[in-house]
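Asks:
Protein chains in written order, with this note's numbering: chain A, 1 to 357; chain B, 358 to 714.
1) Check each candidate in B:660, B:610, B:619 and B:642 and name the one with the smallest Cα separation from residue 633 of chain B.
2) Can you say whether residue 229 of chain A is buried or exposed, counting buried as having 16 or more other CB atoms within 10 angstroms of its CB?
3) In the DSSP assignment, the alpha helix (DSSP H) including residue 68 of chain A goes from what residue to what residue?
4) Near residue 420 of chain B, which residues of its chain fall below 7 Å by C-beta distance, leaving aside the five closest residues on each side in sequence?
5) Let me see if you follow: with CB-CB separation under 7 Å, is residue 339 of chain A close to chain B or not?
6) Would you mind working out which of B:377, B:365 and B:367 sits nearest residue 704 of chain B, comparing C-alpha positions?
7) With a CB to CB cut of under 6 Å and the five nearest residues on each side skipped, what residues in its chain are close to residue 561 of chain B?
8) With burial defined as no fewer than 16 other Cβ atoms inside 10 Å of the residue's Cβ, what is the status of residue 491 of chain B: buried or exposed?
9) Flag residue 501 of chain B as yes if its beta-carbon sits less than 7 Å from any beta-carbon of chain A, otherwise no.
10) Shorter than 7 Å from the beta carbon of residue 699 of chain B to some beta carbon of chain A?
11) Near residue 137 of chain A, which residues of its chain fall below 7 Å by C-beta distance, leaving aside the five closest residues on each side in sequence?
12) Whole angstroms are fine: how far does the CA of residue 643 of chain B sit from the CA of residue 569 of chain B?
13) Residue 683 of chain B CB to nearest chain A CB: under 7 Å?
14) If you measure between the beta carbons of residue 271 of chain A and residue 154 of chain A, is that distance less than 7 Å?
15) Classify residue 188 of chain A as buried or exposed, calling it buried when 16 or more other Cβ atoms lie within 10 Å of its own Cβ.
16) Label residue 507 of chain B either buried or exposed according to how many other C-beta atoms from any shown protein chain fall within 10 Å of its C-beta, with 16 as the threshold for buried.
17) Quick check on residue 384 of chain B: buried or exposed, where buried means 16 or more other Cβ atoms within 10 Å of its Cβ?
18) Out of curiosity, what's the CA-to-CA distance linking residue 71 of chain A and residue 39 of chain A?
19) Output yes or no for whether 7 Å exceeds the beta carbon distance between residue 515 of chain B and residue 502 of chain B.
20) Leaving out five residues before and five after residue 288 of chain A in sequence, what residues of the same chain have Cβ atoms less than 6 Å from its Cβ?
21) Using a beta-carbon distance below 7 Å, is residue 319 of chain A in contact with chain B?
22) Who are the neighbours of residue 671 of chain B on chain A, taking C-beta pairs under 8 Å?
23) What are the start and end residues of the beta strand (DSSP E) that includes residue 111 of chain A?
24) Along the alpha helix (DSSP H) that carries residue 344 of chain A, what are the first and last residues, could you check?
25) Looking at the secondary structure, which residues open and close the alpha helix (DSSP H) in which residue 538 of chain B lies?
26) What runs of the alpha helix (DSSP H), each 4 residues or longer, lie entirely inside the region 572–647 of chain B?
27) Taking three-plus beta-carbon pairs below 8 Å as touching, is the region 600–617 of chain B in contact with the region 442–452 of chain B?
28) For residue 22 of chain A, which beta-bridge partners are listed by DSSP?
29) Start and end of the beta strand (DSSP E) containing residue 552 of chain B?
30) Express the C-alpha separation of residue 649 of chain B and residue 255 of chain A in angstroms, rounding to a whole number.
31) Give a yes or no on whether 7 Å exceeds the smallest Cβ distance from residue 650 of chain B to chain C.
32) Residue 101 of chain A by DSSP, collapsed to three states: which one?
33) Name the DSSP beta bridge partners of residue 681 of chain B, please?
34) Can you tell me whether DSSP reads residue 329 of chain A as helix, strand or coil?
35) Please list, in chain order, the chain A residues whose beta carbon lies closer than 9 Å to that of residue 645 of chain B.
36) Who are residue 125 of chain A's beta bridge partners in DSSP?
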C-alpha cells in the first residue's frame, strides 16, 4: 500500500436537516445515522482509522465551524484541521488539501471523503477503499461507485466502462441527477452506479489535473505554496478570488483516465429526514421515536427531541402516520416523511425572511 | 326582573385540551374561544355583567383552583369564590351554591352557567337569559336549549314539549348523547334542542326539588347551613360523604315542571381542539396559527405556541393539512383535527403511566 492520506470534506451548510442542522451545526456534526450517539463526521473518521492514522487525516471545514468540528473529533491533533476562509465548493477544498499533502508526500495517495454519509457495512467499505487506493496509486483519479438498489433521482450516476483490472473500471461518463424514467433505465441496465462523492488519487496526479483543467485554481494554490510566513493571509486572499466550482464539474468530467470502483456497502448520503428514519431503529409500528414520545394509534413516524436547554417534555402523537417531528431549542418541524426534501425550500424561505441565519 | 344571582361552575378537570389544559390549568382558564386574550371564564362572567353585578356572582371551583381562578377574575370580590373541598359533580356544586344564595334571598333567581363555553352572539344570549329568568321566576326550573345546526353526537338533547308562553316550553324529555342516525332524526324533527347545561331557578324551588329527589344532599346542605362557626369543617365533611351525581340525573330528569327556552346565539361548548379551530380566526388557507408559525403548503391547521418559559421558537409545518399542533412548556401534541376527541384517551393513558397528574 502507498502512503494514504484522508481528506474529509466538512463544509456543509445545514439546510436539509433543519432544525437539527443549522449553519453553526451542520449535518456532519449530528448523530442522525445508523450509529446513534456518534456524529456522522466521527463515524467517517473512525471508519478509516484502520487504514489511515490520525496524523495523516485532514479535515477541511469552514473557519466558523473549526471549533465545533474539533470538538466532534477530539482525538485528532490541531494540525489535522483546515479552516477554509470562505466556502468555494469542492474543487477549491480538494485542491487546497491536496496541495498540502503534496508538500509532505508527492506520491501519497489522497482519499477524499464526504463527512456526512452513512455506511452500514464498514468492512465492505474498507475493502472497496483498498481497491480504489490501488487504482489511484497506479495513476488514475478513482471514484467509488455505489451499485444502485432503487431508481433514485436524488443522486448523480456514473456510467461504468471497460474493466481496467483488479475491480476498477473506466468511467464512460458522469450523468446528472436523472428523471424517474432514466433512473429506472439506469437501474435495469446494470451499467450505472451512484456517484458517492468519494475520490482517490495521487497528490501529484490531482495537481496536474487541476493545472490542466483549472489553471486559475492551480495558480492560486501555487501562491499559497510560495507564501511562507504569509500563508494565512495569502490563503484568504486566494480563496476570496476563486470561483465556486465542484470537483466533478471542474476536474472529474474533463480529465482523462478516470476510474470507478463499483461496490455495495450499505451506503446512504443521509439526504433528508426520510433517510434518517430509514437508518434509525424502529419499533414494531415503524416508529423511530425518543423515549419522551408517546404515540397512540401512530405509525411509521420519526420523532426526535433534540432540545438541550429545557427540561423533560412529552411529545405526544395521536392518530398520525408517516410524519417527521423534530423538536429543538429554537424550532419545531413537522413534515411528512415523503416530503422531507422540501425542508430545503423551507430553510431558504426562513433565511429570506431573516427567521434563521 | 327578580333579583338575579349567577353561579359559574368552574370545576373542570382539564383533559380535552391537554397539553394546554391540565389539572392545575383547566380549560376555563384558557383563552381558546373566539375572544382571544380573554379566558373562557372571564368571557362567561363579563357576558352577564349587564344582568348581574359582581356582588351577586358566585364562582364554584375546586379548592386547588381557587388562586388561579381568582387571578382570572380579578375584579370579583373574594366572597364570590366558593372552593369545593372535593369534586362531587354538578348536583353537589349547584346545591351548595343555591343554599348559599337562599340565605341571602330565598326568592332570588339563580342562573347556573358552565365556565367554559363560547358564545358568539352575546346580545342574543342575554335576551334568551331574560326569557329564562322570567320562566324561573314563575316557578319552573328552566334550561336553555340550543337549536341544533348539525346532527352532533357529542351533546345531550332535550325534546321540546308544549309552549308554556313567553318563549318557554315544557321539557318533554331529556335524552342522552345519541348515535348519528338518531341525531339526524332529532335535527330533522325540529323538536329537539341541545342541552346547554345552563339552568335557571328560584333558590327555593331548587332546594325543594333537591329535598324531594336527593334527600341525602338536602340533609348535607342543611348541616352546612346549621354549622355556624364550624361551616368550613362541616362543608368538607359533608362533601366527602356525598355521591357524585350530575344535576341532570339527580334533579332535572326527575323533577316535574321543567321548562326549556330554545334559542340560537352561536353557542359552542368548546369541546375539543377541533372546536377551538372552528372558533379561531383563520387565514385564507384555513390555518389558525400563531405568529411564530411558518406554514408551507399546509392547510386548515391549528398551531398554538402556549409556552411561557422559553424564548422565541419557530413552529414550521411543511406539507401537512388538518392537524392540531399545540406546544406548551411541558409537552407537544400533534393530532388530526378530526381525531381531537381522542386527546381524552391520551390523557387517561398519560395519567395511568404517571407522565402527568
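Think of the CB as a built atom: it goes at the ideal place given N, C-alpha and C, for glycine as much as any other residue. No experiment lies behind these values; they were computed from the predicted model shown.
Replies: In this structure, then:
1) Residue B:660 is the option with its Cα nearest to residue 633 of chain B.
2) It counts as exposed.
3) Here the alpha helix (DSSP H) through residue 68 of chain A covers 66–72.
4) Within the same chain, residue 420 of chain B has close Cβ partners 440, 441 and 442.
5) At least one CB atom of chain B sits nearer than 7 Å to the CB of residue 339 of chain A.
6) Its Cα nearest to that of residue 704 of chain B, the residue B:377 stands out among B:377, B:365 and B:367.
7) 463.
8) By the neighbour-count criterion, in which 16 or more other beta carbons inside 10 Å mark a residue as buried, residue 491 of chain B falls on the buried side.
9) By this cut-off, residue 501 of chain B is not an interface position.
10) Taking Cβ atoms only, chain A reaches closer than 7 Å to residue 699 of chain B, which makes this a yes.
11) If the five residues before and after residue 137 of chain A are omitted, its C-beta is found closer than 7 Å to the C-beta atoms of 2, 109 and 202, all from its own chain and listed in chain order.
12) Approximately 52 Å between the Cα atoms of the pair.
13) Not an interface residue.
14) Cβ distance < 7 Å, so residue 271 of chain A and residue 154 of chain A count as in contact.
15) When all chains shown are included, residue 188 of chain A counts as exposed.
16) When all chains shown are included, residue 507 of chain B counts as exposed.
17) Around the CB of residue 384 of chain B, 16 or more other CB atoms lie within 10 Å, so the residue is classed as buried.
18) Each residue's alpha carbon lies about 11 Å from the other.
19) Cβ distance < 7 Å, so residue 515 of chain B and residue 502 of chain B count as in contact.
20) Short of 6 Å from the beta carbon of residue 288 of chain A, and not among the five residues preceding or following it, lie these beta carbons of its own chain, in chain order: 277, 280, 282 and 302.
21) With 7 Å as the cut-off, residue 319 of chain A counts as an interface residue toward chain B.
22) The contacting residues are 19, 330, 331, 332, 350, 355 and 356.
23) It spans 109–114 - the beta strand (DSSP E) in which residue 111 of chain A sits, taken as one unbroken run.
24) 343–353 is the span of the alpha helix (DSSP H), which, as asked, contains residue 344 of chain A.
25) 537–546 is the span of the alpha helix (DSSP H), which, as asked, contains residue 538 of chain B.
26) Taking only runs of at least 4 residues, the alpha helix (DSSP H) segments lying wholly in the region 572–647 of chain B are 572–582, 588–598 and 630–636.
27) Result yes; three or more Cβ-Cβ pairs closer than 8 Å.
28) For residue 22 of chain A, which the question treats as bridged, DSSP gives the partners A:25.
29) Segment 549–559, the beta strand (DSSP E) holding residue 552 of chain B.
30) For the pair residue 255 of chain A and residue 649 of chain B, the Cα-to-Cα distance works out to about 50 Å.
31) Judged by its chain identifiers, the structure shown contains no chain C, and its protein chains are A and B.
32) Residue 101 of chain A: helix per DSSP, three-state reduction.
33) Answer is B:659 and B:692, bridged to residue 681 of chain B.
34) In the structure shown, residue 329 of chain A adopts coil according to DSSP, grouped into three states.
35) By Cβ distance, chain A contributes nothing, its closest Cβ being about 15 Å from residue 645 of chain B, past 9 Å.
36) Answer by DSSP bridge pairing: none, since residue 125 of chain A is not bridged.
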